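Dropping the structure here:
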């Protein structure tokens, strides 16, 4: 078949994606990526998107109108094989791995191997099983940071040839900056992250108490954005217990313009996460001109470079000092914002999409070679 | 008293926490046999594979978990977490394993060894850090009293929780541990040919790489060149340290003896010439005390709790520069008379630490918690943040001359209480996603001239400024109605920093109660009070950059407003919070604020 002038039919398995915010920063990234693939040059993609009805609701407005959605509970792998040329699994695992289609899976991180203590034992086992299955069936892995790629090689002995690096990049560029310019920023510390234990919210709350004790006059409030789950309830109780309940606002995940509004009113992105395969909020913060406090952990330095004020985020006293410093030192904030902006290279997005698109072509070619 | 002890960490090889639990359980039994004891071999999340190895007990001790399998223990603890009922009906339960379950009918005492997992996370694993952090946060919620093994442990705990202990007024006890061994008998004379001793597991906190550096320098310069004996369980630096020790290419010799049983440890202390203990951080530092008890001088850093334990007897050396530490080792070898003096001082210092003292202090602490008068008075965490008196501002505020105090307040309240001024000046907090601009009111918002006293009673002048949430005026005041009451003002010029003062009577069932109230200024929190009387309340409001500076929406939030009907106090169905008498806004600089 001559594919040069044809659409490539790309099946995208979004079945594991949850409604609303539990998946964290990956969803907006996927929306942008899938939208771009519909117009990718030289080969635009015809997307066959599998997922729940809510996935259709969330993604239909952003992807190319030629995309098709399959929302039924179960699609036979064989049926998919007849509908598409290539399978993309942005949530890593997929029950369609055995479909025989050339497959590209996105691996965000290897948390269960690097920090099993942050996960319930049964999740560690489940993730391990899924990883083993992926290593067996997936043709190429997409990683969004060299950190994650290195960990995949380290833990699962995946050959680097099978890894494609394609990262989220700044893409709202000038528009976002123009939006944020000239606004009066009523400062807050902002931390958008679902409440997984590796996100380190407990230490942040203790640090925030220390910060408030040290800055009783006009302390910045702390805005925690995440999925309203059991952990969220627990953290609310911890905040009340620490006597800072009045200063901490828990808000549900927001996206699009609503999310931008939060960044706009943030004086600082406080990002005490212990482990990140990438850390999309870091990108958003740099793009929106928000200075960052973070730890030199996992992929964070790779994403932020010198555009963050680094501290040991496991030590509440150190974290509190960093927060005090950011809140009181406007020239430092300005320097960090400037450095963040310097990292925003416009046009990089197309390149990343090109790399991903190249991964699909390579996977298809690998499959064809195998058949031949 | 029925005293429950968490001895979960005494089953299996014991580290510091396990030893504390072990000794306390045994010493209580020895020193205070009049109590009834319940020992918990499994405790909350600390479940042992088996319960062997704990302290020896007799018929006086109830042991509901002894011999209980891990699976059964887990199931039983699930029930305890659900019901709060501890086996053995204890009056007090003392937790030693960084667990603080919520229990009913007994007081929970939490041993807070140290907060090194926060202060020095680089010295521990993420798993241990998470476990300890969770334990401490649970203790803030559930513990009725905190026991600290040193003053440093207490102050570090308070520092790392931003003064939580002081603010919560949770009862605390600081009391030192004691040596586990018997002192040498009278007339025992220490030999001088022993080795240097190091006691501590092979982990970064113990600074043993540094000790090897210092020892190497010492060995090059010493005329005697004593060997270095290292005693302690393996830790997570085991590999690199053992590698270094096993291939010791320098002068002198280093032996790693591994974990030694308690009785052998006594021999090690007695035989040693000196204890070299360059640890970075300790909650107490038991090896320092135990070495001194056996006439063995100690060289350690002046860090953490160690000066409390070592007193004037220990030799404090630099633990960053190995040359200096080695110099202290060489100096101790120089002269026998000095060594003997140091050794005698060590014994004297160690004799200050006794189990009898600790048991007595803990007994009194338990008794205080258990007695009805001594039961701790603090709000449960669900009831919101504890009320705190913020530091008073540097400049006193002159009395509110515009207030007609005699008409407004009962005589006893007519003197302004400076100490209560400006409680909790906290602004810019919560209540907003993006600061909402003041909504345009359908009726024009009247202009307010700074300094004008607003009176809320029947003949008052406040009515034009009132938004939603107010009841009808009564002779001297006007009640808020609902959980929120608003005041809308415009100013004739951009607002400077202001002091807002108001007087109001709280709605309450009896005199011991109070009404919490917070005030938001254009959506930003500017004040929080717990109003328990009709005293004048104040807060400082900074000229805010959010919203139109010439318009202000003041939102008083009254989360605990209630109707008299709901409390059988009458038929009134209004949801009353505060009865406002008067309010005034004045420029802060007029009151002496810079």
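Residue numbers (the numbering used here), protein chains in the order written: chain A, 247 to 618; chain B, 4 to 597. Even glycine gets a Cβ: it sits at the ideal position worked out from N, Cα and C. The model shown is predicted, which means the values in this text are computed figures rather than measured ones.
Does the count of Cβ pairs from the stretch 147–155 of chain B and the stretch 181–193 of chain B closer than 8 Å reach three?
With contact defined as three or more Cβ pairs closer than 8 Å, the stretch 147–155 of chain B and the stretch 181–193 of chain B are not in contact.
Candidates A:450, A:458, A:567 and A:387: which alpha carbon is nearest residue 166 of chain B's?
A:458
Give a yes or no on whether the minimum CB-CB distance between residue 559 of chain B and chain A is below 8 Å.
no
In the structure shown, what three-state DSSP assignment does residue 454 of chain B receive?
coil
Along the stretch 496–522 of chain B, where does the CB come closer than 8 Å to a CB of chain A? Name the residues.
521
Using a cut-off of 8 Å between C-beta atoms, extract the partners of residue 124 of chain B located in chain A.
558, 560 and 561
Residue 582 of chain A vs residue 554 of chain A beta-carbon contact at 8 Å:
Yes; because the gap between Cβ atoms is below 8 Å, this pair is in contact.
Going along the chain, which residues of the stretch 504–532 of chain A sit with their C-beta nearer than 8 Å to a C-beta in chain B?
507, 508, 510, 511 and 520
Would you decide whether residue 328 of chain B is buried or exposed? Buried here means 16 or more other CB atoms lie within 10 Å of its CB.
buried
Are residue 168 of chain B and residue 201 of chain B close, meaning C-beta to C-beta below 8 Å?
no
Does any residue of chain B bring its CB to less than 8 Å from the CB of residue 456 of chain A?
It does: the Cβ of residue 456 of chain A has a partner Cβ on chain B nearer than 8 Å.
Cβ-Cβ distance between residue 365 of chain B and residue 147 of chain B below 8 Å
no
What does the alpha-carbon distance come out to for the pair residue 566 of chain A and residue 456 of chain A?
6 Å
Report yes if the C-beta distance between residue 411 of chain A and residue 451 of chain A is below 8 Å; otherwise report no.
no
For residue 606 of chain A, count neighbouring C-beta atoms within 10 Å of its own C-beta (all shown protein chains included) and say buried if the count is 16 or more, exposed if not.
buried
With 16 other CB atoms within 10 Å as the buried threshold, where does residue 172 of chain B fall?
exposed
Below 8 Å on the Cβ atoms is my contact criterion, and I expect residue 521 of chain B with residue 528 of chain B to pass it. Report the Cβ-Cβ distance as a whole number of Å.
6 Å
I'd like the span of the beta strand (DSSP E) that includes residue 441 of chain A, first residue to last.
Bounds of any beta strand (DSSP E) do not take in residue 441 of chain A, whose DSSP letter is neither H nor E.
Limits of the alpha helix (DSSP H) - the one that residue 531 of chain B falls within
Not the alpha helix (DSSP H): residue 531 of chain B falls in the beta strand (DSSP E), residues 527–534.
Answer with yes or no whether the minimum CB distance from residue 452 of chain A to chain B is below 8 Å.
It does; some Cβ of chain B falls within 8 Å.
Answer yes if the stretch 115–132 of chain B comes into contact with the stretch 68–75 of chain B, meaning at least three C-beta pairs across the two stretches below 8 Å, and no otherwise.
Judged by Cβ distances under 8 Å, the stretch 68–75 of chain B makes no contact with the stretch 115–132 of chain B, as fewer than three pairs qualify.
Against chain B, does residue 438 of chain A count as a neighbour if the rule is that its beta carbon must be under 8 Å from one of theirs?
no
Can you grab the Cα-Cα spacing for the pair residue 130 of chain B / residue 47 of chain B, in whole Å?
17 Å
Kindly say whether residue 160 of chain B, judged by its beta-carbon, lies nearer than 8 Å to any beta-carbon of chain C.
Protein chains A and B are contained in the structure displayed, whereas chain C is not.
Tell me which residues share the same chain as residue 9 of chain B and place their Cβ nearer than 6 Å to its Cβ, disregarding the 5 neighbours each side in the sequence.
43, 46, 98, 99 and 100
By how many angstroms is the C-alpha of residue 226 of chain B removed from the C-alpha of residue 220 of chain B?
12 Å
Residues that residue 518 of chain B bridges to, as DSSP identifies them
B:534
I need the boundaries of the beta strand (DSSP E) containing residue 540 of chain B, first residue and last residue.
539–544
Can the beta-carbon of residue 627 of chain A be found less than 8 Å from the beta-carbon of residue 386 of chain A?
Because residue 627 of chain A is not part of the residues shown, which for chain A are 247 to 618, the question remains open.
Cutoff 8 Å: residue 489 of chain A Cβ touching any chain B Cβ:
Taking Cβ atoms only, chain B reaches closer than 8 Å to residue 489 of chain A, which makes this a yes.
Less than 8 Å between CB atoms is the rule here; does residue 588 of chain B satisfy it with respect to chain A?
no
Give every residue of the same chain whose Cβ lies closer than 8 Å to the Cβ of residue 546 of chain A, excluding the five residues on either side of it in the sequence, and list them in chain order.
517, 519, 522, 525, 528, 540 and 554
Quick one: Cα of residue 348 of chain B to Cα of residue 341 of chain B, how far?
11 Å
Which residues share a DSSP beta bridge with residue 342 of chain B?
Per DSSP, none; premise fails for residue 342 of chain B.
On a Cα-Cα basis, can you pick out the residue from B:41, B:204 and B:82 that is closest to residue 245 of chain B?
The shortest CA-to-CA distance from residue 245 of chain B to any of B:41, B:204 and B:82 is the one to B:204.
Quick check on the burial criterion: 16 or more other C-beta atoms within 10 angstroms. Buried or exposed for residue 266 of chain A?
exposed
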